[in-house]
Amino acid sequence: MIGTPEIQDQIRRYLLGELDDRTRAEVEQKLLSDGEAFRELLVAEDEIIDDYASGRLDPEERADFEAHFLATPERQQKLRFARALHRHAMTFANERETVKQPVIRSLWFSRPWLSWAATTVAVLALIVGTVWFLRSRTAPPKTFATLTLIINQSTRAEGAPAAVVRLPLGADALKIFLRLPGSLPPASRYRVVLETDNGETRPLEIADQDGKSIAVVIPATQLKRGQYVLKLFGTGVEGVEQRIPGSYLLTVE
Amino acid sequence: MNKEWALTQDAFDRLLDWLDADRNRAGIRYEEIRRRLIKVFTGRGCMAAEDLADETINRVAARIGDVARDYEGDPASYFYGVCQNVHFEYSRKKDVLETRDFAAINSVTLRTNLSDDCEPEYQCLEACLGHLSNKNRDLVLRYYQEEKQAKIDQRKLQATELGIAVNALRIRAYRIRIQLERCVLDCLEKDGAK
Chain S
10 MIGTPEIQDQ
20 IRRYLLGELD
30 DRTRAEVEQK
40 LLSDGEAFRE
50 LLVAEDEIID
60 DYASGRLDPE
70 ERADFEAHFL
80 ATPERQQKLR
90 FARALHRHAM
100 TFANERETVK
110 QPVIRSLWFS
120 RPWLSWAATT
130 VAVLALIVGT
140 VWFLRSRTAP
150 PKTFATLTLI
160 INQSTRAEGA
170 PAAVVRLPLG
180 ADALKIFLRL
190 PGSLPPASRY
200 RVVLETDNGE
210 TRPLEIADQD
220 GKSIAVVIPA
230 TQLKRGQYVL
240 KLFGTGVEGV
250 EQRIPGSYLL
260 TVE
Chain U
2 MNKEWALTQD
12 AFDRLLDWLD
22 ADRNRAGIRY
32 EEIRRRLIKV
42 FTGRGCMAAE
52 DLADETINRV
62 AARIGDVARD
72 YEGDPASYFY
82 GVCQNVHFEY
92 SRKKDVLETR
102 DFAAINSVTL
112 RTNLSDDCEP
122 EYQCLEACLG
132 HLSNKNRDLV
142 LRYYQEEKQA
152 KIDQRKLQAT
162 ELGIAVNALR
172 IRAYRIRIQL
182 ERCVLDCLEK
192 DGAK
C-alpha cells in the first residue's frame, strides 16, 4: 500500500496543509500507528523540500510550503541541506561527463575505422548542433535557484534589505518570486523591468503569477555581480499601466 | 487535569509497561510515538511541536492507572485522542499564539529565502560524502542529480542497474540522505564550536 502514487499524493497534500479536517485526521492516525506510513511521510518531506529548492513547486504549493511547511527550524535546516546536496549532485554529474573524455580519445587512436565513422558523425553533429544551438537559445532552463523578494516601499536604509545571491548559482537560472504588496488593487497584467547598477534596463518575462506573487526567471549566464532593482508595473481593469510604488532589491556577489 | 503535573519516574515506568512488557521494546515504542506526535503537531503548523508532544505524553502518563486498566486497542490511538485535546487547547489561545507564530514564521521564512547561502552545509557535505562507500556516494549523487523527466528516467535506469524497484531505490536514497544529514549537522555543530 505504501509508496503508491495515491498515498504519496495524500501525504504530500497533508504536508502542504491542503487536506480537509477529516482526511487530515485519518492521515494523522495512520502516521501514529503505521510505521510504513510514517516512513513515507519522512521521504515525502524531503522530496517536497527538494522540489521547493529546485523551483518545481507551482505558485500555490509554494505559498503553502512557505506558510505551512517551513515553520520549524528543523525544516529550514533541511532546506539548506537540500540545496547543498543539489549543488553536489550537479557537480558530480558534470564531473562524470568530463571523465568520459579520455576513454573516447583512446578508442579514437586504437581503432582507425572509428575516425572515418566519427568524421561522418561529427559533420552530422555539427549540423544538428547548429540547429540545437539556435533552438537552445530559447530553451527553458532545467534547474532553478529560488528567491522570494518583498517590495521595498521606503528608502534603502529603512526598507527591506537587498537580497544577496552568490555566484556560482549552482543552477541554470534564478527564479525570483516577487511578493505583491498586500494593499495592492488587483491588476489584470503585470510587467517587470530589471535595472542594473549602471542604469541599463531590460524587461523580464513573467514565468508564473498568482494573487500573491509574480515569478520571473533570470538565466544564470545573464547574472553578473552587481546591484539590481526590479520594478513592477501593473495594468488595471481600465487598461492603464501604473508603476507599483517601491522596488525589489537584489545584490549578486 | 492538573497542568502543573510533572512526569514522575513511577508514572513513566508504568507508561512503558503499558506500551510493551519488554522494557527495550517499550523504550523504542515510546520514542516512536513521541517522534510521530512531534510530526503531527508540526504538520498542524505548531511552532512548539516538541513541547506539545511532551504535554500529550504527560497527560497520558498522568492517567496511566486508568488507561492501562480500561483502554483496549493500540496505545498510539489513545495518544492521538489526547493529542487532539492538547491541540484544541493550543488553538484556543491562537489570538496570542498564532500572531506570535506567524511573525516568527514570516521572519524565518524571509530570512531563509533571502539567503540561498548553503556554503557551510556544502563544505560539510563534501566531507560527509567522503565517509560514504563509493557505491553509496554514487547512488545518492546520481539519484538527486537530474530534474523533472530526466530525473524520472535516470531513476528508472538506476533502479534497473541495481536490480531493484524504483520505490526501493527511493527508500535506499532516503536512508543514505538521512545518514548524510546527521553527519552534516554534527559537522556544523563542530564548526560552530570552534
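Going down the list, the sequences are from chains S and U.
When we follow my numbering, the leftmost residue of the first sequence carries the number 10, and every step to the right adds one.
When we follow my numbering, the leftmost residue of the second sequence carries the number 2, and every step to the right adds one.
Note that the Cβ used here is the ideal one computed from N, Cα and C, for glycine as well.
Alpha carbon to alpha carbon, how far is residue j from residue i? Give it in angstroms, no decimals.
| i | j | result |
| --- | --- | --- |
| Leu258 (chain S) | Ser222 (chain S) | 15 Å |
| Thr129 (chain S) | Val140 (chain S) | 17 Å |
| Leu176 (chain S) | Arg24 (chain U) | 53 Å |
| Asp187 (chain U) | Ile39 (chain U) | 22 Å |
| Pro190 (chain S) | Ala182 (chain S) | 25 Å |
| Tyr72 (chain U) | Arg64 (chain U) | 11 Å |
| Val261 (chain S) | Ser92 (chain U) | 42 Å |
| Ile58 (chain U) | Gln85 (chain U) | 12 Å |
| His95 (chain S) | Arg178 (chain U) | 12 Å |
| Asn161 (chain S) | Ser192 (chain S) | 14 Å |
| Ser197 (chain S) | Ala154 (chain S) | 28 Å |
| Arg200 (chain S) | Ile215 (chain S) | 7 Å |
| Gly44 (chain S) | Thr13 (chain S) | 15 Å |
| Val61 (chain U) | Cys47 (chain U) | 20 Å |
| Phe103 (chain U) | Leu79 (chain S) | Because Phe103 (chain U) sits at a pLDDT of 47, beneath the cut-off of 50, its placement in the model cannot be relied upon, and the following sentence gives the value as read from the coordinates. Phe103 (chain U) and Leu79 (chain S): Cα-Cα distance of roughly 11 Å. |
| Gly182 (chain U) | Val202 (chain S) | The displayed chain sequence assigns Glu, not Gly, to residue 182 (chain U). C-alpha separation (whole angstroms): 40 Å. |
| Val249 (chain S) | Arg48 (chain S) | 53 Å |
| Ala62 (chain S) | Gly193 (chain U) | 24 Å |
| Ile34 (chain U) | Leu24 (chain S) | 18 Å |
| Gly208 (chain S) | Leu239 (chain S) | 12 Å |
| Thr157 (chain S) | Ile185 (chain S) | 6 Å |
| Gly82 (chain U) | Lys94 (chain U) | 19 Å |
| Ala12 (chain U) | Asp18 (chain U) | 10 Å |
| Gln236 (chain S) | Arg36 (chain U) | 45 Å |
| Ser42 (chain S) | Glu35 (chain S) | 11 Å |
| Asp219 (chain S) | Tyr31 (chain U) | 44 Å |
Please list, in chain order, the chain U residues whose beta carbon lies closer than 7 Å to that of residue i.
| i | result |
| --- | --- |
| Ala42 (chain S) | The displayed chain sequence assigns Ser, not Ala, to residue 42 (chain S). In chain order: Asp75, Ala77 and Ser78. |
| Asp55 (chain S) | Tyr175 and Arg178 |
| Glu234 (chain S) | Correcting the residue identity first, residue 234 (chain S) is Arg in this sequence and not Glu. What Arg234 (chain S) touches in chain U: nothing, since even the nearest Cβ is about 15 Å away. |
| Arg175 (chain S) | Asp118 |
In this structure, does DSSP put residue i in helix, strand or coil?
| i | result |
| --- | --- |
| Ile159 (chain S) | strand |
| Tyr123 (chain U) | helix |
| Gln86 (chain S) | helix |
| Leu24 (chain S) | helix |
| Tyr144 (chain U) | helix |
| Thr152 (chain S) | coil |
| Tyr61 (chain S) | helix |
| Leu8 (chain U) | coil |
| Glu69 (chain S) | helix |
| Tyr257 (chain S) | strand |
| Arg176 (chain U) | helix |
| Val249 (chain S) | coil |
| Ala172 (chain S) | strand |
| Cys184 (chain U) | helix |
| Leu178 (chain S) | coil |
| Asp55 (chain S) | helix |
| Leu189 (chain U) | helix |
| Lys39 (chain S) | helix |
| Ile165 (chain U) | coil |
| Ala166 (chain S) | Low local confidence applies: a pLDDT of 46 at Ala166 (chain S) is under 50, so the model's placement there is unreliable, with the coordinate-based value given in what follows. Coil at Ala166 (chain S), not helix or strand. |
| Glu45 (chain S) | helix |
| Thr100 (chain S) | helix |
| Leu50 (chain S) | helix |
| Leu133 (chain U) | coil |
| Asp29 (chain S) | coil |
| Asp18 (chain S) | helix |
| Asp139 (chain U) | helix |
Please list the partners that residue i has in chain S, where partner means a Cβ-to-Cβ separation under 8 Å.
| i | result |
| --- | --- |
| Ile153 (chain U) | Going along chain S, no residue has its Cβ under 8 Å from Ile153 (chain U), so there is no contact; the nearest lies around 12 Å. |
| Glu182 (chain U) | Lys87 and Phe90 |
| Arg37 (chain U) | Leu40, Leu41 and Phe47 |
Since residue i meets chain U, which of its residues come closer than 8 Å, beta carbon to beta carbon?
| i | result |
| --- | --- |
| Leu50 (chain S) | Lys40 |
Mind pulling the chain U residues with CB within less than 9 Å of residue i?
| i | result |
| --- | --- |
| Tyr23 (chain S) | Gly44 |
Show which residues of chain S have a CB atom less than 7 Å away from the CB atom of residue i.
| i | result |
| --- | --- |
| Val185 (chain U) | Phe90 |
| Arg156 (chain U) | By Cβ distance, chain S contributes nothing, its closest Cβ being about 12 Å from Arg156 (chain U), past 7 Å. |
| Tyr81 (chain U) | Glu37, Gln38 and Leu41 |
So which residues on chain S does residue i lean against when the C-beta distance must stay under 9 Å?
| i | result |
| --- | --- |
| Ile34 (chain U) | Leu41 |
Quick one, which residues of the segment 43 to 65 of chain U are near chain S if we go by CB-CB under 7 Å, in chain order?
Thr43, Gly44, Gly46, Met48 and Ala50
Residues in the segment 26 to 38 of chain S with C-beta within 9 Å of chain U's C-beta atoms, listed in sequence order?
Gly26, Arg33, Ala34, Val36, Glu37 and Gln38
Give me the subset of the segment 115 to 145 of chain U whose CB atoms are less than 9 Å from a CB atom of chain S, sorted by chain position.
Leu115, Ser116, Asp117, Asp118, Cys119, Glu120, Pro121, Glu122, Tyr123, Gln124, Cys125, Leu126, Glu127, Leu130, Arg138, Asp139, Val141, Leu142, Arg143, Tyr144 and Tyr145
Start-end ranges of the beta strand (DSSP E) lying completely within the segment 182 to 244 of chain S, minimum 3 residues:
182 to 188, 198 to 205, 210 to 213, 215 to 218, 222 to 228 and 235 to 244
Chain U contacts made by the segment 89 to 102 of chain S, where a contact means CB separation under 8 Å
Arg89, Phe90, Arg92, Ala93, Leu94, His95, Arg96, His97, Ala98, Met99, Phe101 and Ala102
Interface residues of the segment 68 to 82 of chain S facing chain U [CB-CB below 8 Å]:
Glu75, Ala76, His77, Leu79, Ala80, Thr81 and Pro82
Give the list of continuous alpha helix (DSSP H) stretches no shorter than 4 residues that lie fully inside the segment 2 to 89 of chain U.
10 to 20, 24 to 44, 50 to 63 and 65 to 71
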